[in-house]
Amino acid sequence: MFSAGYETASTTLRWAIAYLVHNPGCQTEIQNQLDEEVGRDRMPGLDDRPSLPLVQATIMETLRLGNVAETALPHNTLKDTTLAGYRVPKDTVVVPNLMAVHMDPSCWEDPTKFNPHRHIDGDGQVFTNSVNFLPFSAGRRVCAGEALAKVELFFFLSRILHKFTFSPQENGVLPDLKGVDGFTRFPAPYNIRVKKRQACATEKSDRSDVRWVNKWTKLEEQISFKMLVLLCNPAVSMIWEVPKLSHVVCSTNGDSDYQHFG
651 MFSAGYETAS TTLRWAIAYL VHNPGCQTEI QNQLDEEVGR DRMPGLDDRP SLPLVQATIM
711 ETLRLGNVAE TALPHNTLKD TTLAGYRVPK DTVVVPNLMA VHMDPSCWED PTKFNPHRHI
771 DGDGQVFTNS VNFLPFSAGR RVCAGEALAK VELFFFLSRI LHKFTFSPQE NGVLPDLKGV
831 DGFTRFPAPY NIRVKKRQAC ATEKSDRSDV RWVNKWTKLE EQISFKMLVL LCNPAVSMIW
891 EVPKLSHVVC STNGDSDYQH FG
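Under our numbering, read the sequence shown as residues 651 to 912, first letter to last.
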């Protein structure tokens, strides 16, 4: 479960960051909600999930639109049956096309648009369209790691956005959202900028988190990463090393504390 979840969770985060760079207004909304509900003096935790519907909705929309798993695993029919008027004999190998459901305009309004608000009801609460939202498949063979994946994605994305803002390269080039097919569907390697958000007063007086970040982002240091996940708390921090992101530049002078990925 952990080995399978590593690839899918990290790929989902890469999609989420790419979509948020394309949709800065959504990123700002999430950060405003984080600041209002969590504040700047602590990191978000799992107990904050009910009060952070935008984070949860963004994860859901990333799973729907990113389609990390385009199809479910193959299944065998145990007996002759019919589906939508078609006869399906016993022992037929069936491969459900999850992406077709997620991109079906009869199931989703404007399905190619990244819109987390489609997963939030009139009361501001997250709801799941259980019939048409199938990133973990469905039925008795649903992904066994679904609960763990949701916890991981919330934990990482909420903390990343609490500490950092993502923006395009200086030349304005945005991540490619076409997707690359492999064992999973992942975004093509992209270059972005990451800026540490304004810290609260207590963090300004204690720069231990910044010193910790700078250990990993020495000026003009060449690094062989494809994705960098930084949680600015040494007790829970980690970096995921997956190839492709080759270069991190960090400047701590004044306002130019951008880390350039690429």
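Every residue, glycine too, gets a C-beta built ideally from N, C-alpha and C.
Here Asp773 carries a coil assignment [DSSP, helix/strand/coil]. As computed with DSSP, Tyr736 is found in a beta bridge with Leu733. In the DSSP assignment, Asn747 is bridged to Thr721. The count of Cβ pairs closer than 8 Å, one atom from the region 736-745 and one from the region 800-807, stays below three, leaving the stretches out of contact. For Val844, no alpha helix (DSSP H) encloses it; the enclosing beta strand (DSSP E) starts and ends at 843-846.
Judged by DSSP secondary structure, Ser701 falls outside any alpha helix (DSSP H); it is assigned neither H nor E.
Shortest Cα-Cα distance from Ala668 to any of Tyr656, Gly716, Asp691 involves Gly716. A distance below 7 Å between beta-carbons, with the five flanking residues on each side excluded, links Ala659 to the following residues of its chain, in chain order: Ala799, Glu802, Leu803. Taking a cut-off of 8 Å on C-beta distances, the region 811-823 touches the region 840-848, as three or more cross pairs fall below it. Counting along the chain, Ser817 sits inside no alpha helix (DSSP H); it lies in the beta strand (DSSP E) bounded by residues 814-817.
The criterion of a C-beta distance shorter than 8 Å is not satisfied by Pro766 and Val744.
A straight-line Cα-Cα distance of about 43 Å links Leu696 and Thr731.
Looking at the DSSP output, Phe836 bridges to Val830. Taking 8 Å as the cut-off, the Cβ atoms of Ser787 and Leu748 count as close. For Asn726, the pairing in a beta bridge is given by DSSP as Val743. Per DSSP, reduced to three states, the secondary structure at Met693 is coil, with no helix or strand assignment. Ile709 is positioned such that its CB atom lies no closer than 8 Å to that of Ala750. By the Cβ test, the region 771-782 is in contact with the region 699-714, since at least three Cβ pairs between them sit closer than 8 Å.
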